[in-house]
Amino acid sequence: NHFKPSAVLDKPYVMLGVPLVAADTDEHAEYLATSVYQRILALMRGQSLVQRAPVKTMDGLWLPHEKEAVMSFLGLAMVGSPEKIRAKLEVLV
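Residue numbers for the sequence shown follow my numbering, so the first one is 94 and each next one is one higher.
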């Protein structure tokens with residue numbers, strides 16, 4: 094409603110970025126996503142942001158309130174197989 098065309102942009106557009114981890118299976122994508130979870134957890138704890146290897150489970154690495162905070166931080170993150178990601182993208186768009 095408030096867009097004003099300019100020499101650079103004649104009509105409004107939207108670009109959306111979401112964190113995404115895809116793999117052949119949902120299970121493998123969840124495994125890979127643990128690297129992301131660990132990095133966000135380290136950020137929240139004020140620790141080194143060095144990339145961490147994926148782990149089988151995050152159990153024991155974070156407290157329940159930290160898990161909730163990490164998942165909240167990631168917001169619209171998408172983790173899964175190509176089919177699962179495609180379905181989530183279709184809902185989003």
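Backbone N, C-alpha and C fix where the C-beta goes; we use that ideal spot for every residue, glycine too.
From which residue to which residue does the alpha helix (DSSP H) around residue i run?
{"i": "V172", "result": "No alpha helix (DSSP H) holds V172; the beta strand (DSSP E) holding it covers M171 to G173."}
{"i": "V187", "result": "Given a span of 94 to 186 for the chain in the structure shown, any question on residue 187 remains unanswerable."}
Compute the distance between the beta-carbons of residue i and residue j, then report whether it is under 8 Å.
{"i": "M171", "j": "K181", "result": "yes"}
{"i": "G168", "j": "D119", "result": "no"}
{"i": "V114", "j": "I133", "result": "no"}
With distance defined between alpha-carbon atoms, name the residue in the options nearest to residue i.
{"i": "Q140", "options": "E123, Q131, Y124 and A146", "result": "Q131"}
{"i": "A116", "options": "V184, E183, K177 and V186", "result": "K177"}
The beta strand (DSSP E) spanning residue i covers which residue range?
{"i": "V163", "result": "Counting along the chain, V163 falls outside any beta strand (DSSP E), though it belongs to the alpha helix (DSSP H) covering P157 to L167."}
{"i": "V107", "result": "Run containing V107: none; DSSP gives neither H nor E here."}
{"i": "L47", "result": "Residue 47 cannot be examined here, being either before or after the span of the chain that is shown, 94 to 186."}
Can you find at least 3 beta carbon pairs, one from the segment 137–152 and one from the segment 108–128, that sit closer than 8 Å?
With the cut-off at 8 Å, the segment 137–152 and the segment 108–128 touch.
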